[in-house]
Amino acid sequence: MGAMYLSVFEWIKVRDIKSNEKNDFFVPAGFLAIVFVGSLLLEIPIFSVFCAIAFLPLIIALVMTGLAQDKQKSDGDLTYNVGDRFWVIPNEDVSLTTDQEAFIGKEGEIDEVNHDRTVSMTFPDGSEAELPIQCLSNTPPNSEKPENKGWWTK
Numbered sequence: 033m034g035a036m037y038l039s040v041f042e043w044i045k046v047r048d049i050k051s052n053e054k055n056d057f058f059v060p061a062g063f064l065a066i067v068f069v070g071s072l073l074l075e076i077p078i079f080s081v082f083c084a085i086a087f088l089p090l091i092i093a094l095v096m097t098g099l100a101q102d103k104q105k106s107d108g109d110l111t112y113n114v115g116d117r118f119w120v121i122p123n124e125d126v127s128l129t130t131d132q133e134a135f136i137g138k139e140g141e142i143d144e145v146n147h148d149r150t151v152s153m154t155f156p157d158g159s160e161a162e163l164p165i166q167c168l169s170n171t172p173p174n175s176e177k178p179e180n181k182g183w184w185t186k
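The numbering of the sequence shown is this note's numbering, which starts it at 33 and goes up by one.
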């Protein structure tokens, strides 16, 4: 039972990676809040205490995550979903293993999004890797914009 409860918190983390829509978090929080208020109105003490202990942490986690979505959207944070294609790029903030470094510069497809902010990816040559999302980009590496050197480059 405890594992099922903890899996809901993992779902919240994964959903945060997959979406920047606040309603993905406010709707479930609203549903849980309605059930909680309903339990209080039924005046069954044991059920109300159970709902308070079980639902309040979930409601708080859902609402706090939902409130962060607007900031993530305005910051331009990417979302990562199964089937999306991303390029693997180097990132100074994340240390990669030598196996993971072999995928830098390659484009792959996401197979699974994990709660620890990593994704499992498959690459065109059939190889698979688990990589941190900080090392993914939706633009190819070294795709710099041409510099304006004069009127002939316009």
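Even glycine gets a Cβ: it sits at the ideal position worked out from N, Cα and C.
Between which two residues does the beta strand (DSSP E) carrying residue i extend?
i, result
"R117", "R117 to V120"
"S106", "Per DSSP, S106 belongs to no beta strand (DSSP E); it is in the alpha helix (DSSP H), Q101 to S106."
Evaluate residue i with the Cβ neighbour count: other Cβ atoms within 10 Å of its Cβ, from every protein chain shown; 16 or more gives buried, anything less gives exposed.
i, result
"V81", "exposed"
"T171", "exposed"
"I44", "buried"
"P20", "Lying outside 33 to 186, the shown extent of the chain, residue 20 is not represented and no answer is given."
"T97", "buried"
"Q101", "buried"
"Y37", "exposed"
"D157", "exposed"
Since residue i is in the alpha helix (DSSP H), which residue starts that stretch and which ends it?
i, result
"I49", "G34 to K50"
"F63", "N55 to L74"
"T130", "T130 to E133"
Once DSSP output is grouped into helix, strand and coil, what is the label at residue i?
i, result
"V81", "helix"
"V95", "helix"
"L90", "helix"
Per DSSP, residue i is paired with what?
i, result
"D164", "Note that residue 164 is Pro in the sequence shown, not Asp. Answer by DSSP bridge pairing, in chain order: T150."
"G140", "F118"
"S169", "W119"
"V145", "V151"
### Message
Assess contact between the region 61-80 and the region 103-118, defined as three or more Cβ pairs (one per stretch) separated by less than 8 angstroms. Is contact present?
### Response
Contact fails between the region 61-80 and the region 103-118, because fewer than three Cβ pairs, one in each stretch, are under 8 angstroms apart.
### Contact the region 73-93 vs the region 36-50: 3+ CB pairs below 8 angstroms
Enough Cβ pairs lie closer than 8 angstroms, so yes.
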